[in-house]
Structure formats: C-alpha cells, structure tokens
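Below: the structure, in structure tokens.
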Amino acid sequence: MKKRIIIIVSCLSTILISILPMGLSPEWNGKNMYHRNQYELLADSFIKGRLDIEYDKVYYESLSKLENPYDFELRNEKNVIYKWDHAYYKGKYYVYFGVVPVIIIFLPYRFIAGKSLNTYHATQIYVAIFIIGIFYLFYYLKKKTKSKISDFEYILASIGVSLATVWYATGYPALYTTAITAGLMFSILSIIMYMKCILDKRKSIKYLLLGALFGALIFGCRPTIGFVNILFFPALLSVIKKEKRSEKFLITLLSLLPYLLIAVLLMLYNYVRFDSLFEFGQSYQLTDSDQSHLLDITLNLKHMLNSLKNFFFYNEPFGDKFPFIKYFGLFLNYPVMVLPLVLLFSKKIRKELKDNNLFSSYILIIVSIVISVIFITLMVPYVIVRYHMDVIYLFGILLYICYLLLADKKYIRVLFIIIFIDIIIKSFLLYMIPDMYNFPSHLYNKDL
Numbered sequence: 002m003k004k005r006i007i008i009i010v011s012c013l014s015t016i017l018i019s020i021l022p023m024g025l026s027p028e029w030n031g032k033n034m035y036h037r038n039q040y041e042l043l044a045d046s047f048i049k050g051r052l053d054i055e056y057d058k059v060y061y062e063s064l065s066k067l068e069n070p071y072d073f074e075l076r077n078e079k080n081v082i083y084k085w086d087h088a089y090y091k092g093k094y095y096v097y098f099g100v101v102p103v104i105i106i107f108l109p110y111r112f113i114a115g116k117s118l119n120t121y122h123a124t125q126i127y128v129a130i131f132i133i134g135i136f137y138l139f140y141y142l143k144k145k146t147k148s149k150i151s152d153f154e155y156i157l158a159s160i161g162v163s164l165a166t167v168w169y170a171t172g173y174p175a176l177y178t179t180a181i182t183a184g185l186m187f188s189i190l191s192i193i194m195y196m197k198c199i200l201d202k203r204k205s206i207k208y209l210l211l212g213a214l215f216g217a218l219i220f221g222c223r224p225t226i227g228f229v230n231i232l233f234f235p236a237l238l239s240v241i242k243k244e245k246r247s248e249k250f251l252i253t254l255l256s257l258l259p260y261l262l263i264a265v266l267l268m269l270y271n272y273v274r275f276d277s278l279f280e281f282g283q284s285y286q287l288t289d290s291d292q293s294h295l296l297d298i299t300l301n302l303k304h305m306l307n308s309l310k311n312f313f314f315y316n317e318p319f320g321d322k323f324p325f326i327k328y329f330g331l332f333l334n335y336p337v338m339v340l341p342l343v344l345l346f347s348k349k350i351r352k353e354l355k356d357n358n359l360f361s362s363y364i365l366i367i368v369s370i371v372i373s374v375i376f377i378t379l380m381v382p383y384v385i386v387r388y389h390m391d392v393i394y395l396f397g398i399l400l401y402i403c404y405l406l407l408a409d410k411k412y413i414r415v416l417f418i419i420i421f422i423d424i425i426i427k428s429f430l431l432y433m434i435p436d437m438y439n440f441p442s443h444l445y446n447k448d449l
C-alpha cells in the first residue's frame, strides 16, 4: 500500500509540475494574442453547423484579391489583414490542426458549460493522461521483465521521460501542442494496449480493439505520431496465434474497423473542406512560408538530409541569459537518447529482448521513429524543436527497456540513475529558455 501511494504521489507531482506553469504566460493562456484559439472557435462553428471559422469581413477582403494569398512576402508587401496560422481555401478560413481534440473535449465542454474551453486547459488534460500512461507502462514493463530496478529507479525513469516529452508543451501550451499532446495521449494508451496483447499470457481481444481505436484516433490529432501503429501487427499476431482460421479472420477484421472508420471520416472531413480526400489544410496555411507547392521543396534529397541533420544535430551559439543554452537537435538536447540505437549492437541486449518477447516491439518502435521523422521532413519547410515531441517519448521508452534488461549489474543501474537525473535537469533548463513570449521571457522583460 505504501509503495502504491508513493507511486501515485510521484505521478501526480509530475503532472502538477508539468501543467501548472502552463497558465503563466498571457500569450499562451488565452489572455493575449487570440490567434491561438482556433480550436475554441471551431467548436463554436460546429455548433452552428459550419466547418470553417467565420471572421469579420476585413480579414477576407484584401486576401481574396491576392494572386497568391499563401505568399508571405506578398501579404506583407500589400499590407494585407488576415488571420495567421489558418488554412485559407476558396475564400474561407479553416483549422488545419487535427479535429479529434475538438470532438473529444472542446465540443462536449461547449455543450455542457455553455462557453468555450480555454485551449491550454485541453493541453493540461492531454499531458496529465500522457504522464499517467508513462507511469503505468513503465510499471507494467518492470513487472513483466522481472527487472531488478527499484521503485525509486522506476519512478525516476518515469519522471525523466515524461518531462523530456512535455516540457515544450508546458512552456507553449496553446494550439500547436494541444494537437501534439492529444496525439501523444492516444499513442501511449495504444502502446499500453498493444504491449498487453504481446506480453500478457492470457490474450484478450479487448486490448487489441482498444489499441486500434486509440491508435486510429492519433491520425485525427497529429498524423506523424500515428506511425507508432506499426505495433498493431505484432499485437494482432499474438492475439490470433492460437485461434482457428475463421476466428483469425474475424478478429483481424474487427481490429481493423477502427482504422477504417476513422480513416473514412477524416477523408470525408478533408474532402468537404478542400475537395481532396488527403488534403487536411497543410497546403493552404497562412504562415511564413508558401506551402501550396511544398513537395517541390521538401521532396529533394538535399533538403531532406539537411532537415534530418537539423532534427537530430542542429546547434547554434550558446545564449547570454540563463540557462545559457538554445534549442538544439534532439540528440544534442538529450545525447543519451542515442543509447537505444547503440545498445542494439549488444548481443546481451538482443538476447534479453528476445527472451522477454520484446525484440519485435523494440525494432518496430525504431522503425516508427524513422518513418515519423522522414514524414516530418517532407511535411514542413523547416524543422523546429516542438517536432521532437513526436518521437522523443519513443526514444525514452526504448531507453527504459534497456535499463530494465541491464539492471543485473549495479554500476549500470547507477549509470542509468545519473542518466535520468540528467534528463530531468536538462528538461527544466530547456523550459527556462526565454523565447516566443513564454514565461521565462516575461521574467527577463520584468528585470529590464
């Protein structure tokens, strides 16, 4: 009982540390700069039976006269008044971020409370559930592998991976990270269900169906996170392995239904808005880059290699304010995240992975990371640090699995304790970088 209380308190403390600071910056908590309230406005539009967001005429008049409204320089040259970071198509404004967060929280809240839910509160909910998922998954893996790590080590690892994943959302909680954290929430829930299919001795179809449902919903939040659904295949094979042929077919069909249903609904939603089943608004963004012909830029080997380099190894000079660091590439922010890839060359790790029935899952998680990063480089003109959220938790899960399987040696356990303490400290330092009107930037402005 005492152990359970300590774990619950640790989990709740991690949640509070992650979500309470979200309301500190006026530019990210809804008090100022209302261009980050698209989800709130979209819920209002749905209630009115619309898929677009209606604004005052001034935001349409000049924009509709431009030869290419997606040209940032042209909009500035013509002094056009428009709504930033929307999708603009055939004279209407749309939200290009995933629609599922609106369906599961914003719309129900609007019906029940009679008012809009402030966007960062949704992010708080998604982050809280994600952190609970990390604590649960890590405890489950510890139990299944019968690892020698202590409860303190398990808690430390859970805190480290949670904070490494969500620190950016803590600093910038409105809109962008609302979609991302919703995807992370469904992803960790899906991974838990699929791991249960793979590792539990008693196979249950309910875990497979829930995993498929959660996994399918990721695509309605943040599509690039959705490649973790590759875990569906070993989960399915584990469940149907000992079933009869007819039952194998039925279970496979049932487990694919959530994917098919969500895919059809999302494609219809796309088609009604943009006359295309596969266009979700990416090509029609009103941002600082013209993405109407994005693949002409990104589907280029030089661009892809440069984007991959920036994703993992981007660096720039150190800052002149605390914490004196900048946002670097993923492996420079967290060098220890390369360990799961390096340790795969170890015969001991490969043997332990196979003995614990984790080898295929481990490899497929790496595959999902690779595919996700490649798609990110294809879908954006340049890489920024929040895109790390799509995959860093997967690196963290792999790192923790290595920890579990190497825990028979005391010096390795000490090393991993240092590693996760370092991750926690680094996450705090990254949060404290003053940038883009976040809370640390306000602290510095008050000092000036």
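Residues in the sequence shown are numbered consecutively from 2, following the working numbering. Ideal Cβ placement from N, Cα and C applies to all residues, glycine included. Being a predicted model, the structure only gives us computed values, none of them experimental.
DSSP three-state assignment for residue i, whether helix, strand or coil
i	result
A213	helix
Q39	helix
K452	Outside the shown range of the chain (2 to 449) lies residue 452, about which nothing can therefore be said.
I16	helix
A408	coil
K4	helix
K32	coil
K93	strand
I426	helix
I226	helix
I434	coil
I206	helix
I326	coil
D448	Caution applies to D448, whose pLDDT of 49 falls short of 50 and renders its modelled position unreliable; the value that the coordinates give is listed next. Residue state, collapsed to three classes: helix.
V10	helix
Span separating the alpha-carbon of residue i from that of residue j
i	j	result
N357	T146	6 Å
N77	V59	15 Å
P336	I130	27 Å
P235	K355	13 Å
F314	Y155	29 Å
N119	G31	7 Å
F312	Y328	11 Å
L262	L218	10 Å
K143	S63	60 Å
E28	M338	32 Å
Y173	T182	12 Å
Y56	A44	14 Å
L407	L416	11 Å
L138	S247	32 Å
I326	S19	21 Å
L21	F275	38 Å
I105	S117	14 Å
I372	L309	12 Å
G134	I193	8 Å
L300	Y61	32 Å
S369	I375	10 Å
S46	F279	22 Å
D448	P341	Low local confidence applies: a pLDDT of 49 at D448 is under 50, so the model's placement there is unreliable, and no value is given.
V229	N80	43 Å
S361	M437	41 Å
Exposed unless 16 or more other CB atoms sit within 10 angstroms - verdict on residue i
i	result
H294	exposed
K197	buried
V10	exposed
Y404	buried
N316	exposed
G227	buried
I366	buried
S14	exposed
A114	exposed
Y445	exposed
E392	The amino acid occupying residue 392 in the given sequence is Val; Glu does not appear at that position. Answer is buried; the Cβ neighbour count reaches 16.
P102	buried
Y272	exposed
I48	exposed
F73	exposed
Y71	buried
E68	exposed
Worksheet item: Taking only runs of the alpha helix (DSSP H) that begin and end inside the stretch 126-204, which ones reach a length of at least 4 residues, in chain order?
Response: Entirely contained in the stretch 126-204, the alpha helix (DSSP H) runs reaching 4 residues are, in chain order, 152-172, 177-200.
Worksheet item: If we count Cβ pairs, one from each stretch, closer than 8 Å, do we get three or more for the stretch 121-129 versus the stretch 174-192?
Response: Cβ pair count under 8 Å is three or more, so yes.
Fill in: In chain order, each alpha helix (DSSP H) run of at least 4 residues that lies wholly inside the stretch 258-313
Whole alpha helix (DSSP H) segments, 4+ residues: 295-299.
Worksheet entry | Cβ contact (3+ pairs, closer than 8 Å) linking the stretch 424-432 and the stretch 163-170 | Yes: the two stretches touch, three or more of their Cβ pairs being nearer than 8 Å.
Worksheet entry | In chain order, each alpha helix (DSSP H) run of at least 4 residues that lies wholly inside the stretch 339-408 | Taken in chain order, the complete alpha helix (DSSP H) segments of 4 residues or longer contained in the stretch 339-408 are 340-344, 348-356, 360-380, 390-406.
Worksheet item: Which full runs of the beta strand (DSSP E) of 3+ residues lie inside the stretch 67-119, going along the chain?
Response: Contiguous beta strand (DSSP E) elements confined to the stretch 67-119 occur at 88-90, 93-95, taking only those with 3 or more residues.
Practice prompt. Tell me, please, whether the stretch 207-222 touches the stretch 98-118 by the rule of three or more beta-carbon pairs shorter than 8 Å.
Written response: Under the Cβ criterion (8 Å, minimum of three pairs), the stretch 207-222 counts as touching the stretch 98-118.
Fill in: the stretch 284-303 contacting the stretch 77-90, beta-carbon criterion three pairs below 8 Å
Contact between the stretch 284-303 and the stretch 77-90 is present, because at least three Cβ pairs lie under 8 Å.
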